[in-house]
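Report on one structure; see the data block that follows.
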Amino acid sequence: MEYCDKGDLRKYIKHLRELGAVISEEKLLDILAQLTEAINSLHTKNIIHRDLKPENVFITDNFFVKLGDLGMARVIMSTQQYLTRIGGTIQYFPPELLNETGEGGITKTSQRPLG
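The sequence shown runs 1 to 115 under full-length UniProt numbering.
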């Protein structure tokens, strides 16, 4: 993976806040569009990321978005296949992922953290 000068999305936003600045709406929409394209690219290959969060979205100096940390990613062989082991960061889990016992099946829910 190439070097991403601006670091991950969480650190970049935190840095802007420390400067008293905010990310522009135009820049944010561009980042989200690129992120959506990256997720869609994975999904067309039947790959789910399973740990999508700001810390795994990297930004180059030219504001190109790179999706990182594919260590939890899995290939789904069919649309009916479920993963039975939960993976990822719980704060970014879709609510339908967990049932009362804390277990659940996983489908293509990678886009949930996008809002």
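Ideal Cβ positions, reconstructed from N, Cα and C, are used throughout, including at glycine. Given the structure is predicted, the values throughout are model-derived calculations rather than measurements.
Limits of the beta strand (DSSP E) - the one that Ile76 falls within: Neither: Ile76 is in no beta strand (DSSP E) and is coded neither H nor E.
Reduced DSSP category for Ile48 - H, G, I as helix; E, B as strand; rest coil: strand
Residue interval of the beta strand (DSSP E) (run including Leu9): Per DSSP, Leu9 belongs to no beta strand (DSSP E); it is in the alpha helix (DSSP H), 9–18.
Start and end residues, beta strand (DSSP E) containing Phe64: Neither: Phe64 is in no beta strand (DSSP E) and is coded neither H nor E.
Where Asn56 falls, given that 16 or more other Cβ within 10 Å makes a residue buried: When all chains shown are included, Asn56 counts as buried.
His15 burial status per 10 Å Cβ neighbour count (16 or more: buried): exposed
Contact belief for His49 with Leu67 at Cβ below 8 angstroms, rounded distance in angstroms: That belief holds up - the Cβ atoms of His49 and Leu67 are roughly 7 angstroms apart, short of 8 angstroms.
8 angstroms contact criterion, which Val75 and Asn46 should meet: CB distance rounded: Indeed, because the Cβ distance is near 6 angstroms, the residues count as touching under 8 angstroms.
Residue range of the beta strand (DSSP E) that includes Ile59: 57–59
Selected residue, minimal CA-CA separation from Met72, among Lys27, Phe58, Asp61, Asp51: Closest option to Met72, judged by alpha-carbon separation, among Lys27, Phe58, Asp61, Asp51: Asp51.
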